[in-house]
Amino acid sequence: MLLGILRCFSLVNDNTYRKSTEQLAEQVYRSLKGRRYLIAMDDVWDTNAWDDMKRSFPDDKNGSRVILTSRLANTLKLFNLKVFGRETCPPELEKATMQVVEKCEGLPLAIVVVAGFCSKISKMRSRWEAVAHKIGQVVSRDTEECLNLLVLSYNHLPQHLKPCFLYMGAFPKDFEFSVSRLIKLWIAAEYVRCKPEKDFEEVAEGYLRDLIDRSLIMVKKRTSGGKVKTSSLTHLWHVYDKHSLPRASSFLCFGRDGTPGSCYQIDPFISFTNFVFLTVLDMYFQPFDHLPSEIWKLYSLRYLALASFDVLPPSVRYLSCLQTLIRYSQQSIICLPEAIWNIRKLRHLYFRKCCYFCDELEDYIVWLSSFDLALTKLQTLSYITFGSVTKSVVEGIPNLKKLGIRERKEDCLTAEQMSGNLRKLVPMKHLETVKCFFINPWILQQCDVFSPTLKKLTLRGCQLPWSQMKILCKLPKLEVLKLKYCVKYC
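Counting in this note's numbering, the sequence shown runs from 103 upward without gaps.
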């Protein structure tokens, strides 16, 4: 908990982990001294925990506050809101509801988990009394016993949700994970059953909502459009078994504090050749001067996320099952090889800094198109340069939903040329999200530079006069508009 507070001030480094509890408490006190602060502490189980913590919070009479949540809250109200959507329950279930809540002994985790379970079963008094009886057998003041409640809820999950729920055990305890990332991992692990009328991502979002409704996943942040952006899974223990590595299908890298970080402490016995059946390789911020050649021999890979590499070799074509390719580094721009167009199953290409297509690509894409070979499954492409937005590239990604574009100095494009490239996106029938990052001022004369299917538009650095901004109101389906360093009041 002390480390969590210090992280808010970016004061955590390797030396911090070597400090004793007393030293950490003193560091928190010194960091807060003289400041006005608001701290929220969730799930404070008893007064002893608060007694140990309160000395770390200086009282400078400046309006600082500490908010606690505990088992002393109105658990009955919480239970009813979770199950019925209101503070009261049907009269015929009042007695059974009281039995369930009383057996939870005020434990917030127990209340939330049991409420999620009860919301999915029939509203019969006999069923609820049976639940209350079983809770009474497993709930105690030892918080570890709450794991048995998770088992109870897990056993009643539909079969298609069980592997999705278990997969989240790969994340560290209390880790706040990106929902977008989680969905891509589920799909790569082949846990998502696609339906004819929906794509994989839509089905996976339904899985996520179901797990949230059952209170097995906690929503942490939402997007501007109201969708879940980040979530967390708490009170799970994780087992690491080195003997199972040859059979492992996913390898995810985390830092010592549970956040994505450097994997410099990976055991030396691990090499990529161990992972014959690997489908997911996610190594956040693990730097590589040169990508290990063994990676291109992991023929079953569907999800590949790496940190810094300067060259994406043509060998990437051997990953014919690849669905997601991510590069997190912001150090340099990457040239995408022609071979990328041979990976027909690609769904998401994400390069945090930027990428561009080589000059010789035009003729190659035209040649591919003659054989009806295009990246028809690609949904996300971010970020590419304005110069890479060409007619042949657009025709090669007909079902794209999300696109990120960055202006690059080396392209030397005028505002008119960039507008012309944006107009090439207008025929794209499925494009819903566009992000445009500009270096120089841009001119917007008509909204015809954007696809009429757009629902979300982000503009950064374009320095448009407000009179031109009003043109964006004419986009018929636009729901979210984000402006960063854009408006010039004149």
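From the three backbone atoms N, C-alpha and C, an ideal C-beta is built for every residue, glycine too.
Boundaries of the beta strand (DSSP E) in which residue i is found, first to last residue
i    : result
A290 : Careful: A290 lies outside any beta strand (DSSP E), inside the alpha helix (DSSP H) at 281-290.
A407 : 405-408
R562 : 558-562
S334 : 330-334
S352 : 352-354
V321 : 320-324
H450 : 450-459
Inter-residue spacing [alpha-carbon to alpha-carbon] between residue i and residue j
i    : j    : result
S158 : L126 : 9 angstroms
Y452 : G506 : 9 angstroms
V130 : S410 : 34 angstroms
G106 : S553 : 44 angstroms
V528 : F459 : 20 angstroms
L408 : V294 : 24 angstroms
R137 : K558 : 38 angstroms
C220 : W230 : 8 angstroms
E534 : S166 : 43 angstroms
L583 : R324 : 16 angstroms
F539 : L313 : 36 angstroms
R454 : L483 : 11 angstroms
L574 : L580 : 8 angstroms
K531 : R429 : 27 angstroms
K576 : P567 : 16 angstroms
L257 : R109 : Looking at the sequence itself, residue 257 is Asn, so the reference to Leu does not match. Their backbone Cα atoms lie some 37 angstroms apart in a straight line.
T118 : I141 : 20 angstroms
I169 : W152 : 11 angstroms
Q565 : Q547 : 13 angstroms
S133 : I285 : 38 angstroms
I499 : F273 : 33 angstroms
Closest residue to residue i among the options (Cα-Cα distance)
i    : options                : result
Q432 : D162, K503, R508       : R508
Y386 : C423, V413, L427, S351 : L427
A441 : S422, K479, R454, I499 : S422
Y485 : K504, E278, D550       : K504
P415 : Y430, L438, E396       : L438
A517 : G489, V495, L533       : G489
S317 : K576, Q481, G218       : G218
V378 : P394, W152, Y401, L393 : Y401
S434 : C457, L183, S417       : C457
S417 : R188, P394, P193, D550 : P394
S76  : Q481, L403, C296, M200 : The chain is shown only over 103 to 592; residue 76 falls outside these bounds and no answer can be derived.
N542 : K531, M520, L556       : M520
G327 : F356, E124, T560       : T560
L406 : K264, I397, L268       : I397
K331 : P578, L310, C296       : L310
V413 : I436, R419, L403, R404 : I436
Range covered by the alpha helix (DSSP H) that runs through residue i
i    : result
I314 : 302-315
K493 : 493-498
S569 : 568-571
I107 : 104-109
C575 : Neither: C575 is in no alpha helix (DSSP H) and is coded neither H nor E.
C206 : Where C206 is concerned, there is no enclosing alpha helix (DSSP H), given that its DSSP letter is neither H nor E.
C266 : 264-269
G522 : 517-525
K184 : 177-186
D131 : As written in the sequence, residue 131 is Tyr, which differs from the Asp given in the question. Counting along the chain, the alpha helix (DSSP H) containing Y131 begins and ends at 123-134.
Contact belief for residue i with residue j at Cβ below 8 angstroms, rounded distance in angstroms
i    : j    : result
F186 : I213 : Going by Cβ atoms, the distance from F186 to I213 rounds to 14 angstroms, so no, they are not a contact pair.
P160 : K121 : Contact flag wrong, Cβ pair sits at about 19 angstroms.
K537 : V491 : K537 to V491, Cβ: 13 angstroms. No contact.
Q425 : K447 : 6 angstroms
L195 : K225 : 6 angstroms
Segments of 3+ residues assigned as beta strand (DSSP E) that fall wholly inside the segment 409-433: You should have 426-429.
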